[in-house]
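**Student:** Mind having a look at this structure? Questions to follow.
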């Protein structure tokens, strides 16, 4: 009888121990699940804040680093944050803190002029799932991101100076302006993609098979009009190579140097916000250099020394309504592996057809010669080969992003070439 009563007592103890152990097991499993969930949400939040800081830093750099620019940067950063939030993060009504600092380390919020941008969420109380068994209703998640410019002492530019309209300067304060110094700019798929040409003079029927665009922006002669100046009947000039210093990537002189500079770019950061131009144009070398990007080699150009772009196509017969390989399609073709049916040259250079060009005020030049004030830096995507003819035209599309430079860089008083990059937040382990 005593043994029976003892067994019943032990049975009750086992049930109690099992119940307690089950709670512990559920709590441990739930905590592991919720911690994993927290890591995923933290990664998502970090990615959104990275984009937010980059957006704010880009806007700040393009609008003058003053109080008005900071207000625009905050607006763009918050718009990016809201647009990129997904799922439960979007439902949490989060608002990041946006701060500006003149220095990176130490990051001093409010120091002026602001150069670096920080976007942070100190605490997001992520609701738990199973950890509530032990009374843990939330897990705290935080993240931080800092973005700002990295500058180069040598700026790689395409040696064309494109003449702009100084009166069309709304884009200095409004990055979404329809035009910028007389030029239409393609920023995203809400804008129409338009091919146009720059030219050095009137005439020039062309010898390519894709003359579909209109003249780009302000020019005289048979163009669309816009400004009148002494630059001549076209709207672009070459840099005066005798005044831009040594170019280590190019040797020799004359036409050989010109071909090299146009194929590779020149290392130049204009001092005092001006660039030197020269009159006239050497049609053959200009066309030879530009056409090397399309794997079309003439003159003294060689593929070994001047590799083509990763995308050499410039017409699109599969598109019956528009034969141009516009910038969006170009980006698709530069993606890893490219789309099915399109070959990428083994020696191709990505983004080689996207060229940073100076947009200048040519109104004070004499026959195309002189120091031209810099209005902006434009990104010009080459859409097709150039012509070996008088009144030479350079075909392309102004686009809003040039490598890491972001939208057209509007620096009216001086020129530096810079990229906006992410930095580790010196004040946070969450960066």
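Residue numbers (our numbering): 70 to 500. Idealized CB from N, CA, C, for every residue including glycine. All values reported here derive from a predicted model rather than from experimental measurement.
Pull up the distance between the alpha-carbon of residue 442 and that of residue 431, whole angstroms please.
**Tutor:** Your numbering for residue 442 matches position 373 in the chain shown. Your numbering for residue 431 matches position 362 in the chain shown. Near 8 Å, if we compare the C-alpha coordinates of residue 431 and residue 442.
**Student:** By a C-beta neighbour count over all protein chains shown, 10 Å radius and 16 as the cutoff for buried, is residue 372 buried or exposed?
**Tutor:** Numbered from its first residue, the chain shown carries residue 372 at position 303. Residue 372 should be labelled exposed.
**Student:** Exposed or buried, what is residue 130 when buried is set at 16 or more other beta-carbons lying within 10 Å of its beta-carbon?
**Tutor:** Along the chain shown, one-based indexing puts residue 130 at 61. Residue 130 is buried by the Cβ-count criterion.
**Student:** Given residue 207, which residues of its chain have a CB within under 7 Å of its CB, disregarding the five upstream and five downstream residues?
**Tutor:** In the chain shown, the residue the question calls residue 207 occupies position 138. The answer, listed in chain order, is 194, 195, 196 and 197.
**Student:** For residue 354, which option in 108, 362, 331 and 342 has the closest C-alpha, if you only look at C-alpha atoms?
**Tutor:** For the purposes of this step, residue 354 is taken as residue 285 along the chain shown, with counting starting at 1. 331 is the residue among 108, 362, 331 and 342 whose C-alpha sits nearest the C-alpha of residue 354.
**Student:** Count the other CB atoms, across all protein chains shown, that sit within 10 Å of the CB of residue 174; report buried if there are 16 or more and exposed otherwise.
**Tutor:** By 1-based counting over the chain shown, the position of residue 174 is 105. Counting the other Cβ atoms within 10 Å of the Cβ of residue 174 gives fewer than 16, which makes it exposed.
**Student:** DSSP on residue 498, reduced to helix/strand/coil?
**Tutor:** Locating residue 498 in the chain shown gives position 429, where the first residue counts as 1. Residue 498: coil per DSSP, three-state reduction.
**Student:** Across the segment 410-427 and the segment 184-193, are there enough close Cβ pairs to call them in contact, namely three or more that are closer than 8 Å?
**Tutor:** Cβ pair count under 8 Å is below three, so no.
**Student:** With H, G and I counted as helix, E and B as strand and the rest as coil, what does DSSP make of residue 351?
**Tutor:** Start at 1 with the first residue of the chain shown, and residue 351 comes out as number 282. Residue state, collapsed to three classes: coil.
**Student:** Spatial neighbours of residue 184 within its chain, please: CB distance less than 6 Å, with the 5 preceding and 5 following residues excluded, ordered by chain position.
**Tutor:** As a first step, residue 184 is located in the chain shown; it is residue number 115 there, counting from the start. Hits under 6 Å: 171 and 217.
**Student:** Of all the options 363, 150 and 357, which has the alpha carbon lying nearest to the alpha carbon of residue 120?
**Tutor:** Indexing the chain shown from 1 puts residue 120 at position 51. Of 363, 150 and 357, the residue nearest in Cα terms is 150.
**Student:** Beta-carbon within less than 7 Å of residue 123's beta-carbon, same chain only, minus the 5 sequence neighbours each way: which residues are those?
**Tutor:** Here residue 123 refers to the residue found at position 54 of the chain shown. Cβ neighbours of residue 123 beyond the five flanking positions: 216, 489 and 491.
**Student:** With DSSP as the reference, please indicate the residues paired to residue 468 in a beta bridge.
**Tutor:** For the purposes of this step, residue 468 is identified with residue 399 of the chain shown, where counting begins at 1. Residue 468 is bridged to 255 and 448.
**Student:** Identify which residue in 378, 401, 429 and 424 has its Cα closest to the Cα of residue 468.
**Tutor:** Taking the chain shown and counting its residues from 1, the one referred to as residue 468 is at position 399. Comparing Cα-Cα distances from residue 468 to each of 378, 401, 429 and 424, the minimum goes to 424.
**Student:** Can you tell me which of the three DSSP states residue 227 falls into?
**Tutor:** Numbered from its first residue, the chain shown carries residue 227 at position 158. Coil, per DSSP.
**Student:** Taking Cβ to Cβ, would you say residue 306 is nearer than 7 Å to residue 335?
**Tutor:** Here the question's residue 306 lines up with position 237 in the chain shown. Here the question's residue 335 lines up with position 266 in the chain shown. No.
**Student:** The beta strand (DSSP E) spanning residue 424 covers which residue range?
**Tutor:** Stepping through the chain shown from its first residue, residue 424 is reached at position 355. First-last of the beta strand (DSSP E) with residue 424: 423-429.
**Student:** How many Å lie between residue 186 and residue 418 at the Cα?
**Tutor:** Position 117 of the chain shown, counting from 1, holds the residue named residue 186. Position 349 of the chain shown, counting from 1, holds the residue named residue 418. Their Cα atoms are separated by approximately 32 Å.
**Student:** Which partner residues of residue 185 appear in the DSSP bridge assignment?
**Tutor:** As a working note, residue 185 is residue 116 in the chain shown. Looking at the DSSP assignment, residue 185 forms a beta bridge with 170.
**Student:** Tell me whether the segment 244-263 and the segment 152-164 touch, counting them as touching only if at least three CB pairs, one residue from each stretch, are closer than 8 Å.
**Tutor:** The segment 244-263 is not in contact with the segment 152-164.
**Student:** Alpha carbon to alpha carbon, how far is residue 125 from residue 145? Give it in angstroms, no decimals.
**Tutor:** The count along the chain shown starts at 1 and reaches residue 145 at position 76. The count along the chain shown starts at 1 and reaches residue 125 at position 56. Distance between the alpha carbons of residue 145 and residue 125 is about 6 Å.
**Student:** Residues in the same chain with beta-carbon distance under 6 Å from residue 464, minus the five sequence neighbours each way, listed in chain order, please.
**Tutor:** As a position in the chain shown, residue 464 is number 395, starting the count at 1. Only 266, 452 and 453 meet the Cβ criterion.
**Student:** If distances are taken between C-alpha atoms only, which option among 457, 433 and 381 comes closest to residue 235?
**Tutor:** If you number the chain shown from 1, residue 235 lands on position 166. Minimum Cα distance to residue 235 is reached at 433.
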